[in-house]
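Peer 1:
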Amino acid sequence: MVKKMINKITEILKEEGIEKYLINKTEKNTGELFFIKKKLDVRRTADITDYKVTVYRDLEKDGEKLRGSATADIFPTMTDEEIKEKLKEAYFAAQFAANPFFELVKGEGKAEAEGSSAPCSTEEAVRIMAQALFSADTDEEAFINSAEIFAVNEKIRIVNSDGVDASFGKFNINGEFVTQCKTEEDVELHYS
């Protein structure tokens, strides 16, 4: 059975003697539509999962307690050895980024934010946005020349060495648009 990635990362951290850490897991689902005038040119979806692991290293300089940190990007396709090497590099680098000592946030058990589920799929969201956008595009002299519409659904989980295990979701839709007006002069405007 394949180990869950967060468990794998925490086991490697423990093996390497790295006691203080913060893991941010982001699962991102995207839907994207690209139009030239009102004609759909490209439709794209993506599912991406990545992990950002911040490691902390406690130091002392001139009798003052300090805490350094560095972050490593970890990907699900990495081998255990590659993960171990990235975390060791980050832990080494943390000694050069020392700040006045601070405590990490403490937590107990799992927590999930209410209302963190997406209102619809990203594919449905970009389709609805495109319909709304082009329903108002009725003028022959002033019109949408091109449009890019993006919907992003993120599930974020934060785990740290002091008991935090929290999850929440974010849903965002936005776009980039070029409008064109042919009268009196031919002018294009870009919006994002």
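Just so you know, we're using numbering that gives the first Met the number 0 here: the sequence shown kicks off at 0 and counts up by one.
Ideal placement from N, C-alpha and C gives every residue a C-beta, glycine not left out.
Just so we're clear, the structure is a prediction, and the values are computed from it rather than from any experiment.
For G16, count neighbouring C-beta atoms within 10 Å of its own C-beta (all shown protein chains included) and say buried if the count is 16 or more, exposed if not.
Peer 2: G16 should be labelled exposed.
Peer 1: Starting from A141, follow its DSSP beta bridges and name the residues at the other end.
Peer 2: DSSP output for A141 lists C180 as bridge partner(s).
Peer 1: Whole-angstrom Cβ separation of A110 and D164, contact assumed at under 8 Å?
Peer 2: The pair is a contact, with the Cβ atoms about 7 Å apart (cut-off 8 Å).
Peer 1: In angstroms, rounded to a whole number, what distance separates the CA positions of T178 and A45?
Peer 2: One C-alpha to the other measures close to 27 Å.
Peer 1: Quick test of the definition: if touching needs 3 or more C-beta pairs under 8 Å, does the region 148-166 touch the region 95-107?
Peer 2: Touching, yes.
Peer 1: In angstroms with no decimal places, state the Cα-to-Cα distance between I11 and A112.
Peer 2: Distance between the alpha carbons of I11 and A112: 28 Å.
Peer 1: List the endpoints of the continuous beta strand (DSSP E) containing K105.
Peer 2: Segment: none, K105 is in no beta strand (DSSP E) and carries neither H nor E.
Peer 1: Flag this pair as touching only if the region 26-43 and the region 142-161 have three or more C-beta atom pairs under 8 Å; answer yes or no.
Peer 2: Result yes; three or more Cβ-Cβ pairs closer than 8 Å.
Peer 1: Roughly how many whole angstroms lie between the Cα atoms of T9 and G168?
Peer 2: Taking the straight line from one Cα to the other gives about 23 Å.
Peer 1: Checking the sheet assignment: what are the DSSP bridge partners for E147?
Peer 2: According to DSSP, which records beta bridges pairwise, E147 is partnered with F33, E175.
Peer 1: Short of 6 Å in beta carbon distance, which residues of its chain neighbour H189, apart from the five on each side in sequence? Order them along the chain.
Peer 2: The residues are V177.
Peer 1: Helix, strand or coil for F170, going by three-state DSSP, please let me know.
Peer 2: Three-state DSSP puts F170 in a strand.
Peer 1: Expressed to the nearest angstrom, what Euclidean distance is found between the alpha-carbon atoms of V53 and M77?
Peer 2: Reading the sequence as shown, one finds Thr at residue 53 and not Val. So the alpha carbons of these two residues sit roughly 17 Å apart.
Peer 1: Tell me whether F34 is buried or exposed, calling it buried when 16 or more other Cβ atoms sit within 10 Å of its Cβ.
Peer 2: Answer is buried; the Cβ neighbour count reaches 16.
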